[in-house]
Amino acid sequence: MLPIYTYDSSTLLLLLVLLVAVLTDWRRHRIPNWLTFGALATGLLLHYFFLPSPEWLDGLKGAGVGLAVLIPFYLTGGMGAGDVKLMAAVGSFIGPTAALTASCFALVVGGCIAFFMVLRSGELASIYRRYMVMISARTVVPAEVGSVARRRFPFSFSIAVGTLVQQGLFDNNLEFYHLTTELGYQLQALGVVQ
9 MLPIYTYDSS TLLLLLVLLV AVLTDWRRHR IPNWLTFGAL ATGLLLHYFF
59 LPSPEWLDGL KGAGVGLAVL IPFYLTGGMG AGDVKLMAAV GSFIGPTAAL
109 TASCFALVVG GCIAFFMVLR SGELASIYRR YMVMISARTV VPAEVGSVAR
159 RRFPFSFSIA VGTLVQQGLF DNNLEFYHLT TELGYQLQAL GVVQ
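Encoded structure:
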């Protein structure tokens, strides 16, 4: 009996989730709850049904790590709740260690985008002064109306790039847990396929 081998369907599903998230975030500056909660539930269910006993908890741990890394930025007003929920959903697919690395890559990509926006706007000096005042006064000084610091950009793009970089660098082939192979083994054990 030969094992069934197909491209990892969980990878394709996660890539589809990231694509839809980026497109909706780009157009509407929102990531829909049906997408984030649906992806979270799917990632958790895939782990539960297709991975052995302690490993299925990796989906839950990954969601927790994705949530924990980005929630401070949400609480300080640096990003939207949809971005945090999307990272938790990504974590449910890729597990805790990968979620931590992907979150860090996403923050680096987002920081580079934000820095480029500041440079392009010509407001680098005024933003620097604002942050120096906040540091010395130990209080938050809101950005002026019309400032680049008030502009939003789709952070889901940074999450997608961070996830792809993490999976490409550390897994070399963008396969998340080889769930399709495991599914093949399960179906063979049940006698559904040969």
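Numbering (the working numbering), first residue to last: 9 to 202. For each residue, glycine too, the CB sits at the ideal point set by N, CA and C. Please read these numbers as outputs of a predicted model, since none were measured by experiment.
- In its own chain, leaving out the 5 sequence neighbours on each side, no residue places its CB closer than 8 Å to the CB of Arg146.
- Contact check for Val25 against Ala49 fails: the beta carbons are separated by 8 Å or more.
- As for any alpha helix (DSSP H) of minimum length 4 sitting wholly inside the region 129-153, the runs are 132-145, ordered along the chain.
- Non-local C-beta neighbours of Lys69 in its own chain, meaning closer than 6 Å and more than five positions away in sequence, comprise Pro104, ordered along the chain.
- Straight-line measurement puts the Cα of Ala197 at about 42 Å from the Cα of Asp33.
- In this structure, the CA atom of Gly72 is about 7 Å from the CA atom of Gly99.
- Here Gly130 is exposed, its C-beta having fewer than 16 other C-beta atoms within 10 Å.
- Secondary structure remark: continuous alpha helix (DSSP H) runs of at least 4 residues inside the region 74-118, in chain order: 89-102.
- Annotated three-state conformation of Ile39 is coil, per DSSP.
- Around the Cβ of Thr84, a 10 Å sphere holds fewer than 16 other Cβ atoms; the residue is exposed.
- In the three-state reduction of the DSSP assignment, Leu59 falls in the coil class, being assigned neither a helical nor a strand state.
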